[in-house]
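J.:
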Amino acid sequence: EDQVTQSPEALRLQEGESSSLNCSYTVSGLRGLFWYRQDPGKGPEFLFTLYSAGEEKEKERLKATLTKKESFLHITAPKPEDSATYLCAVQTDGATNKLIFGTGTLLAVQP
Amino acid sequence: EADIYQTPRYLVIGTGKKITLECSQTMGHDKMYWYQQDPGMELHLIHYSYGVNSTEKGDLSSESTVSRIRTEHFPLTLESARPSHTSQYLCASSPGGGRELFFGEGSRLTVL
Chain A
-13 EDQVTQSPEA LRLQEGESSS LNCSYTVSGL RGLFWYRQDP GKGPEFLFTL
37 YSAGEEKEKE RLKATLTKKE SFLHITAPKP EDSATYLCAV QTDGATNKLI
87 FGTGTLLAVQ P
Chain B
114 EADIYQTPRY LVIGTGKKIT LECSQTMGHD KMYWYQQDPG MELHLIHYSY
164 GVNSTEKGDL SSESTVSRIR TEHFPLTLES ARPSHTSQYL CASSPGGGRE
214 LFFGEGSRLT VL
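First to last, the protein sequences are chains A and B.
Using my numbering, the first residue of the first sequence is number -13, and each one after it goes up by one.
Using my numbering, the first residue of the second sequence is number 114, and each one after it goes up by one.
#1: Tell me where the beta strand (DSSP E) around A/Leu7 begins and ends.
#2: What's the call for B/Gln138, buried or exposed, on a 16-neighbour Cβ count within 10 Å?
#3: Determine the closest residue to B/Leu225 out of B/Pro208, B/Leu124, B/Ile117, B/Cys136, with distance taken between C-alpha atoms.
#4: What are the start and end residues of the beta strand (DSSP E) that includes B/Ser220?
#5: What number of angstroms, rounded off, separates the C-alpha of B/Ser211 from the C-alpha of B/Tyr146?
#6: B/Leu156 to A/Cys9, Cα distance in whole Å?
#7: Return helix, strand or coil for B/Ser197, following the three-state DSSP convention.
#8: In three-state terms, what does DSSP make of A/Glu42?
#9: Rounded to whole angstroms, how far is the Cβ of A/Gly18 from the Cβ of A/Thr35, which I believe are closer than 8 Å?
#10: Would you mind working out which of B/Val179, B/Arg183, B/His198 sits nearest B/Pro189, comparing C-alpha positions?
#11: Indicate whether at least one CB of chain A lies closer than 8 Å to the CB of B/Met145.
#12: Can you list, in chain order, the stretches of the beta strand (DSSP E) that have 3 or more residues and sit fully within the stretch 121 to 168 of chain B?
#13: Please state whether DSSP places A/Gly90 in a helix, a strand or coil.
#14: Identify the residues that DSSP records as bridge partners of A/Ala75: which are they?
#15: With DSSP as the reference, label A/Glu31 as helix, strand or coil.
#16: Quick one: which residues of the stretch -13 to 15 of chain A get their C-beta closer than 7 Å to a C-beta of chain B? List them in chain order.
#17: Which term fits B/Gln119, buried or exposed, when burial requires 16 or more other beta carbons within 10 angstroms of its beta carbon?
#18: To which residues does DSSP link B/Ser207 through a beta bridge?
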């Protein structure tokens, strides 16, 4: 069964303290891995798509990487406005155009 | 900025009422989805559509129904709401081809 697991469940950082969020996946065939940001009471906002192992994408203080078993979202020198829940999702070869989501990592960045 | 809209944003109703959650997108996407999300839990796909007059049930069983009469509109209906239907409902659309999903702001439903 296709599965996505995110860790940690929650992470508290001081402003400027860099860290990484993990998304491990077990799927029959990966078509794409997606990272989203979700603020309280709102819908997920798209951040990145990664398609093959070794691929990296960057946006401001965020950098996403992908291996054959997991993806990392690296946050460099975070600011309080980076506080949100970060969701990972996969799209598989057997179910294209549908996403399987993890439970997310709740990130809190304190000033 | 994604152009996908959900109404109402918040709804509190009594048991047994019929409700419809509206979802519209102006991007011309063929593929549309409804996800259900409870606090601290992952998003679960309950319905999807790959085009007009096409609807399928998702991975999570749901008593709701959907319709797709127009490309831009994908409403979700509950004929008789129950407290177990209390949740956040998220609508999304995608151009397909392995591209990302664009989400609306969500509709938070509370059934008393």
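Idealized CB from N, CA, C, for every residue including glycine.
T.: Let me spell this out:
#1: Walking along the first sequence from the start, residue 7 of chain A turns up at place 21. Unbroken beta strand (DSSP E) run through A/Leu7: 5 to 12.
#2: The residue labelled residue 138 of chain B in the question sits at position 25 within the second sequence. So B/Gln138 ends up on the buried side.
#3: Along the second sequence, one-based indexing puts residue 225 of chain B at 112. Looking at the Cα atoms, B/Leu124 is the closest of the given residues.
#4: Taking the second sequence and counting its residues from 1, one reaches residue 220 of chain B at position 107. Here the beta strand (DSSP E) through B/Ser220 covers 220 to 224.
#5: Counting from 1 along the second sequence, the entry for residue 211 of chain B is found at position 98. Counting from 1 along the second sequence, the entry for residue 146 of chain B is found at position 33. Strictly speaking, residue 211 of chain B in this sequence is Gly, with Ser absent from that position. One C-alpha to the other measures close to 14 Å.
#6: By one-based count along the second sequence, residue 156 of chain B stands at place 43. By one-based count along the first sequence, residue 9 of chain A stands at place 23. Taking the straight line joining both Cα atoms gives about 15 Å.
#7: Sequence index remark: in the second sequence, residue 197 of chain B carries index 84 (1-based). Reduced to three states, the DSSP call for B/Ser197 is helix.
#8: To locate residue 42 of chain A, count along the first sequence from 1; it is residue 56. Three-state result, A/Glu42: strand.
#9: Here residue 18 of chain A is taken as the residue at index 32 of the first sequence, counted from 1. Here residue 35 of chain A is taken as the residue at index 49 of the first sequence, counted from 1. At roughly 5 Å, the Cβ-Cβ gap stays under 8 Å, so A/Gly18 and A/Thr35 are in contact.
#10: In the second sequence, residue 189 of chain B corresponds to position 76, counting from 1. It is Leu, not Pro, that sits at residue 189 of chain B in the sequence shown. Minimum Cα distance to B/Leu189 is reached at B/Val179.
#11: Mapped onto the second sequence, residue 145 of chain B falls at position 32. It does not; no Cβ of chain A falls within 8 Å.
#12: 123 to 126, 132 to 138, 144 to 150, 157 to 164
#13: Translated into positions along the first sequence, residue 90 of chain A becomes position 104. Three-state result, A/Gly90: coil.
#14: Stepping through the first sequence from its first residue, residue 75 of chain A is reached at position 89. Looking at the DSSP assignment, A/Ala75 forms a beta bridge with A/Phe20, A/Phe87.
#15: Against the first sequence, residue 31 of chain A aligns to sequence position 45. Strand at A/Glu31.
#16: Across the stretch -13 to 15 of chain A, no CB contact with chain B closer than 7 Å is found for any residue.
#17: As a first step, residue 119 of chain B must be located in the second sequence, where it is residue number 6. Buried: at least 16 other Cβ atoms inside 10 Å.
#18: For the purposes of this step, residue 207 of chain B is identified with residue 94 of the second sequence, where counting begins at 1. Beta-bridge pairing links B/Ser207 to B/Lys144.
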